[in-house]
Ligand SMILES: Nc1ncnc2c1ncn2[C@@H]1O[C@H](COP(=O)(O)OP(=O)(O)OP(=O)(O)O)[C@@H](O)[C@H]1O
Ligand SMILES: [Mg+2]
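Here you go:
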C-alpha cells in the first residue's frame, strides 16, 4: 500500500514536471490547447441528454419541442466540432513548440557538459535514450495529461446520466474496468523494461548505420569489404528486438480478448437491466436510449482514462531519463565570482607540480613544472602517448588537474571565467574539426564575435596558405566545404588543415597552441606556415607540438616529455649537447636526410 502511494506520488511529481515543461515552452499556446480540449470533452454529454429529451418529446408528439431541441442539438454539435478543431489546431502548434523547447534543452545541456562525460559509455546510453524519446515523449505526456483530464470531466458528466438508471451503475462500470487498468499498467512496465535495456544495442545499430551511410567510412567499407560483417550485426540485433516485441504483442492480443469479453458482458448486463426497468415503466423509452448510449460511452471513456493513466506511467518511466539528464552538472564550471586577468600584462602560464589521470589511479602526467612566458616559442616533443595533447587540454580546462595547479599570471585557472580563459588560448587541435560549413564560418570560428571581418578572415587564410585555393572557388569565402550540402567543395587533407590553421591565425588570442599543425602539409607549405607563424606570433606565446624536428629546432625552448614527465628542457643546441633523449630522437630523424 505504501509502495503504491509513493508510486502515485512519483507519477504526480513527474506529471507536474511535464506540465511545467509544456507551459514553459509556450504559456499562451499551452493554455489555448488545454482550454479548448477541456470544453470539447464535456459537450458530448449534453448531446446524450438532448437525445433523451427529443425521444421523450417525440413520444409526447410535441412538434415544437422537437424542433427547438433539434436546433439546440445543431448548435451544440457545431460548437463541439468547432472546439474539437480548435483543440487539434492547438495540439499541432503545441507539439512543435514543445519539441523544439525540450530538444533545445538537451542541446544546451550537452554543450555545457564536461568532455569526460562524452568518454563514458553510460552517458551515451543515457543520451541515446533521451535523444530517441525526446521527439515524442514530452508531447505524448502533454497529450495524455490533457486527454486524461478531459476524459475524467467527460466521465463525471456521464455519471449523472447513469444515476438515472441506478446510483450504482457508474461504480459497477468502474469496478469492472479495474482488470483492464491493472493489465495496462503491467503492459506499460513490460514495454519499458524491454526497451530500456536496449540503449547499448541501439547505439551499436546506430554505429553500423553510420558506418554504411556516411562519407567518412564509405571508402573503407569498400576497401575492407566490411558490408557483410556490419549487416550481420545489424540483423542479429534487430532479430532480437523483433522477437521481444512479438512476445509482448502476443500477450497484448490474448489479454485484450479476455478484457473485451468482460467489457461486453458488463454492457449487456446493465443494458438488460435498463430494458427491464423500461418494461416495468420506471424508465421512459428516451431514458433507455440515453442510458444504453451513456453506458457504452462511459465504458469507452473509462477505458480511455485507464489507458491514458497506464501510458502516462510508461511515458514517465522514459521521461525520468530526460529529467535526470537535465540534472547532470558539468564539474568544470566558471567560479561564481571569477577573477579578471589584466589584459595589459604579458601573459605567463605556469604548471606547478601538475599531475593528471583520465582515470583514477592511472596518471598520464606526473609532477609537471613548467613556465611559459615572455611571448616565446615553445616546442613540446615526445613519443606517442607521452602526454603532450593532455597537457594542452589541461591548460584549456577541458579537464581539471588531479593534483597541483595551473596558474595564469599567478591566478589559478579555476578562478577564471571559462569563456575568458579559452579566449586567451587558440590554435589547432590534433584532431581538428572539418566543419561542413562555409569557408567564412570555418575560419570565423577562430574569433566568433568577428565573423563578419572579411579582411581579417582573408589575412588569416593568406598566413595559412589557404587563400589561393579559396580564391579559386566560385563563391570564394562563402563556399560550402565538404560534400554534405549542395554546391559543397571537397578539400584535400592538407587543404582542410590549412583551413584549420587559418582559424587559428584568425584568433587574436595571446597564446597559440599548435598540436601537429603541419602533419598534412607539403614541405613548401609547411615552410611558409612556419615562417608566418614566427612573424605572426611575435607578440604571442607559441606552443608547438610536433614530431618534425626540422621545425621543432627553431623554437626558443624545447620541452621533452617522456611517459608523462618532463625529462629535458632547453634550446636545440643545449639539448643536442646534452646528448640525451632529444638528441637521440633528433639524430634518428636527421639520419634519413644525410
Ligand atoms: N580521453 C582519454 N581517456 C583516457 N585516456 C586517454 C584519453 N586521451 C588520452 N589518453 C591516454 O593518455 C596518454 C597520453 O595521451 P596524449 O594524447 O596526451 O599523448 P600525446 O603525447 O599527445 O601522443 P601523440 O604524439 O600520439 O599525439 C595516452 O596513454 C592515452 O592512452
Ligand atoms: Mg597528441
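In full-length UniProt numbering, the protein residues as written are 1 to 594.
By construction, the Cβ of each residue, glycine as well, lies at the ideal position given by its N, Cα and C atoms.
Out of the options, which has the shortest C-alpha to C-alpha gap to residue i?
| i | options | result |
| --- | --- | --- |
| residue 408 | 424, 402, 400 | 424 |
| residue 502 | 485, 525, 489 | 525 |
| residue 489 | 313, 473, 504, 434 | 473 |
| residue 50 | 33, 88, 70 | 70 |
| residue 336 | 416, 380, 369 | 416 |
| residue 536 | 184, 561, 204, 509 | 509 |
| residue 438 | 363, 481, 281 | 481 |
| residue 315 | 195, 452, 385, 25 | 195 |
| residue 45 | 274, 26, 73, 61 | 73 |
| residue 79 | 164, 263, 52, 47 | 47 |
| residue 178 | 299, 278, 253 | 299 |
| residue 325 | 434, 109, 224 | 109 |
| residue 136 | 563, 312, 220, 231 | 312 |
| residue 139 | 331, 275, 93, 511 | 93 |
| residue 517 | 539, 507, 511, 547 | 547 |
| residue 528 | 498, 506, 507, 512 | 498 |
| residue 362 | 341, 370, 346, 387 | 387 |
| residue 200 | 427, 221, 167, 120 | 120 |
| residue 183 | 252, 412, 227, 76 | 252 |
| residue 264 | 292, 246, 279, 276 | 292 |
Quick check on DSSP: helix, strand or coil for residue i?
| i | result |
| --- | --- |
| residue 147 | helix |
| residue 362 | strand |
| residue 515 | strand |
| residue 332 | coil |
| residue 380 | strand |
| residue 352 | strand |
| residue 472 | coil |
| residue 221 | helix |
| residue 570 | strand |
| residue 309 | helix |
| residue 174 | helix |
| residue 250 | helix |
| residue 480 | strand |
| residue 562 | strand |
| residue 372 | strand |
| residue 90 | helix |
| residue 367 | strand |
| residue 244 | helix |
| residue 327 | coil |
| residue 489 | strand |
| residue 451 | coil |
| residue 128 | helix |
| residue 315 | helix |
Classify residue i: buried if its beta carbon has 16 or more other beta carbons within 10 angstroms, exposed otherwise.
| i | result |
| --- | --- |
| residue 59 | exposed |
| residue 240 | exposed |
| residue 249 | exposed |
| residue 515 | buried |
| residue 551 | buried |
| residue 235 | exposed |
| residue 343 | exposed |
| residue 534 | exposed |
| residue 442 | buried |
| residue 419 | exposed |
| residue 322 | buried |
| residue 170 | buried |
| residue 433 | exposed |
| residue 122 | exposed |
| residue 496 | buried |
| residue 219 | exposed |
| residue 507 | buried |
| residue 572 | buried |
Within the present structure, is the beta-carbon of residue i separated from the nearest heavy atom of ligand 3 by less than 7 Å?
| i | result |
| --- | --- |
| residue 484 | Looking for ligand 3 in the displayed structure turns up nothing; the ligands present are ligand 1 and ligand 2. |
| 4-residue-minimum alpha helix (DSSP H) runs that sit fully inside the segment 403 to 446, ordered along the chain | 418 to 424, 439 to 444
| Would the segment 397 to 404 and the segment 454 to 468 be scored as touching if the rule is three or more Cβ pairs under 8 Å? | no
| task | Please specify which runs of the alpha helix (DSSP H), each continuous and at least 4 residues long, are wholly inside the segment 534 to 558, giving them in chain order. | result | 549 to 552
| said: Extract the residue ranges of the alpha helix (DSSP H) inside the segment 6 to 45, only unbroken runs of 4 or more that lie entirely within it. | reply: Correct list: empty.
| message | Tell me whether the segment 367 to 377 and the segment 303 to 310 touch, counting them as touching only if at least three CB pairs, one residue from each stretch, are closer than 8 Å. | response | No: the two stretches stay apart, fewer than three of their Cβ pairs being nearer than 8 Å.
| query | When the Cβ atoms of the segment 251 to 260 are set against those of the segment 125 to 132, are three or more pairs found closer than 8 Å? | reply | no
| query | For the segment 379 to 391 against the segment 556 to 574, are there 3 or more C-beta pairs whose distance is under 8 Å? | reply | Note that the segment 379 to 391 touches the segment 556 to 574; at least 3 beta-carbon pairs, one per stretch, sit closer than 8 Å.
| query | Can you find at least 3 beta carbon pairs, one from the segment 262 to 273 and one from the segment 32 to 43, that sit closer than 8 Å? | reply | The answer is no - the segment 32 to 43 does not touch the segment 262 to 273, with fewer than three Cβ pairs under 8 Å.
| query | Is there contact between the segment 274 to 289 and the segment 92 to 108, where contact requires at least three CB pairs shorter than 8 Å? | reply | no
| message | Would the segment 17 to 27 count as touching the segment 142 to 158 if we require 3 or more Cβ pairs under 8 Å? | response | yes
| request: Identify every run of the alpha helix (DSSP H) within the segment 156 to 203, keeping only runs that are complete inside it and at least 4 residues long; order them along the chain. | output: Considered as a whole, the segment 156 to 203 harbours 169 to 196 as its complete alpha helix (DSSP H) runs of no fewer than 4 residues, in chain order.
| message | If contact is defined by three or more beta carbon pairs under 8 Å, each pair taking one atom from either stretch, is the segment 148 to 167 in contact with the segment 346 to 357? | response | Two segments are said to touch when three or more pairs of C-beta atoms, one from each, lie closer than 8 Å; by this definition the segment 346 to 357 does not touch the segment 148 to 167.
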